[in-house]
Amino acid sequence: MNITIFEGFTEVLVEVFFALLPLLVFFLVFQFFFLKLEKEKIINIGKGMVLSFFGLALFLQGVHVGFFPAGELMGEVLGGLSYNWILIPIGFVLGFVATFAEPAVRILNEQVEKVSGGYISERVMLYTLSIGVGVSIALSMLRILVGFSLWYYIIPGYILAVILLFLSSNTFSAIAFDSGGVATGPMTVTFILAIAVGVASVTEGRDPLMDGFGMIALVALAPILSVLILGVLFERQGRESNET
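The numbers in the working numbering rise by one with no breaks, and the one at position 148 of the sequence shown is 203.
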């Protein structure tokens, strides 16, 4: 095993410790004054926190030694191809797969299905968010290749989101804006952002700082639009069912 994979791991452990410490303190305060949980539950929560601590530390270390370098190298290779238009479909596939594997997205979808009593299924939400993020990554790759401003996506996108707010139900509106947050999780940010920066660094006339970034803004916007569109379709289906 190459020992360099654990280079700087001590600093990562310290960072994760101080990140989780406030959560632990809040829990202990609530446990002492309000919750009064049984000993068995406290032990289980403690085990969960220990697993979270080492899981986050190992994940962040893996990002530094694996995800970032691999993503940038893939971006440089793909961006250097003579037929670099292939970045657009590849971007869609990467965005779809990354969202499909995103833990935060899974948790959100489970909660949505549970709270809605199965009315909004976990599978429908998962595919809706994955397709939305896939489209946003494809559009991000198109932007890097062509070189136009991010504003051409952001302004029309949020105008469309405001319009869809009036056409969709309040339930889907709330879910949509939470979806925008969970979709910008560690899988997308750590891997696909690195690919975008790598592509911009080898594309002629592009600045990695100006053109490689901005993708996460589209990733946050895409789930909002896709879930609101899903809400409009649900509203239409509900009206058709009532009419029949």
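Note that beta-carbon positions come from the ideal geometry of N, C-alpha and C, so glycine has one too.
A quick note: this is a predicted structure, and the numbers were derived from the prediction, not measured.
(message) Counting C-beta neighbours from all protein chains within 10 Å, is the total for residue 162 16 or more, i.e. buried, or is it exposed?
(response) For this step, residue 162 is matched to residue 107 along the sequence shown. So residue 162 ends up on the exposed side.
(request) For residue 146, collect the residues of the same chain with a Cβ closer than 7 Å to its Cβ; drop the 5 residues on either side in sequence, then sort them by chain order. (result) By 1-based counting over the sequence shown, the position of residue 146 is 91. These residues qualify, in order along the chain: 192, 193, 195 and 196.
(message) Checking 7 Å against the spacing of the C-beta atoms, do residue 274 and residue 188 come in under that value?
(response) Within the sequence shown, residue 274 is the residue found at index 219, counting from 1. Within the sequence shown, residue 188 is the residue found at index 133, counting from 1. Going by C-beta atoms, residue 274 is nearer than 7 Å to residue 188.
(message) Suppose contacts are defined by Cβ-Cβ distances below 7 Å. Is residue 167 in contact with residue 222 by that definition?
(response) Taking the first residue of the sequence shown as 1, we reach residue 167 at position 112. Taking the first residue of the sequence shown as 1, we reach residue 222 at position 167. Going by C-beta atoms, residue 167 is not nearer than 7 Å to residue 222.
(request) Using three-state DSSP, classify residue 182 as helix, strand or coil. (result) Position 127 of the sequence shown, counted from the first residue, corresponds to residue 182. Helix at residue 182.
(request) Name the two residues that bound the continuous alpha helix (DSSP H) containing residue 235. (result) For the purposes of this step, residue 235 is taken as residue 180 along the sequence shown, with counting starting at 1. Unbroken alpha helix (DSSP H) run through residue 235: 225-238.
(message) Taking the alpha-carbon of residue 269 as reference, which of 99, 280, 171 and 244 has the nearest alpha-carbon?
(response) Numbered from its first residue, the sequence shown carries residue 269 at position 214. The candidate whose alpha carbon is nearest that of residue 269 is 244.
(request) List the whole-angstrom C-beta distance separating residue 46 from residue 176, where the pair is believed to meet the contact cut-off of C-beta under 8 Å. (result) In this structure the chain extends from 56 to 299, so residue 46 is not present and cannot be described.
(message) Quick check: what's the CA-CA separation for residue 95 versus residue 104?
(response) To locate residue 95, count along the sequence shown from 1; it is residue 40. To locate residue 104, count along the sequence shown from 1; it is residue 49. Roughly 14 Å between the two C-alpha positions.
(request) Would you check if the distance between the CB atom of residue 250 and the CB atom of residue 135 is smaller than 7 Å? (result) Position 195 of the sequence shown holds residue 250. Position 80 of the sequence shown holds residue 135. Cβ distance not < 7 Å, so residue 250 and residue 135 don't count as in contact.
(message) Going by beta-carbon coordinates alone, are residue 112 and residue 67 separated by less than 7 Å?
(response) Within the sequence shown, numbered from 1, the residue matching residue 112 stands at position 57. Within the sequence shown, numbered from 1, the residue matching residue 67 stands at position 12. Yes. Within cutoff.
(request) Can you tell me which of the three DSSP states residue 207 falls into? (result) For the purposes of this step, residue 207 is taken as the residue at position 152 of the sequence shown. It is helical.
(message) Quick check: the Cα distance between residue 128 and residue 144, rounded to an integer number of angstroms?
(response) Along the sequence shown, one-based indexing puts residue 128 at 73. Along the sequence shown, one-based indexing puts residue 144 at 89. Straight-line Cα distance between these residues: approximately 18 Å.
(message) Which residue marks the beginning of the alpha helix (DSSP H) containing residue 266, and which one marks its end?
(response) Counted from its first residue, the sequence shown places residue 266 at position 211. Per DSSP, residue 266 belongs to the alpha helix (DSSP H) from 263-266.
(message) For residue 142 and residue 60, what's the separation of their Cα atoms in angstroms?
(response) The count along the sequence shown starts at 1 and reaches residue 142 at position 87. The count along the sequence shown starts at 1 and reaches residue 60 at position 5. Rounded to whole angstroms, residue 142 to residue 60 spans 30 Å at the Cα level.
(message) If you measure between the beta carbons of residue 234 and residue 278, is that distance less than 7 Å?
(response) Counting from one through the sequence shown, the residue named residue 234 turns up at place 179. Counting from one through the sequence shown, the residue named residue 278 turns up at place 223. It is a contact, given that the beta carbons lie within the stated cut-off.
(request) Check whether the Cβ atoms of residue 285 and residue 212 sit closer than 7 Å, and answer yes or no. (result) Residue numbering aside, residue 285 sits at position 230 when the sequence shown is read from its first letter. Residue numbering aside, residue 212 sits at position 157 when the sequence shown is read from its first letter. Cβ atoms of residue 285 and residue 212: not closer than 7 Å.
(message) For the alpha helix (DSSP H) containing residue 164, name the first residue and the last one.
(response) Working through the sequence shown from its first residue, we reach residue 164 at position 109. Looking at the DSSP string, the run of the alpha helix (DSSP H) that includes residue 164 is 158-170.
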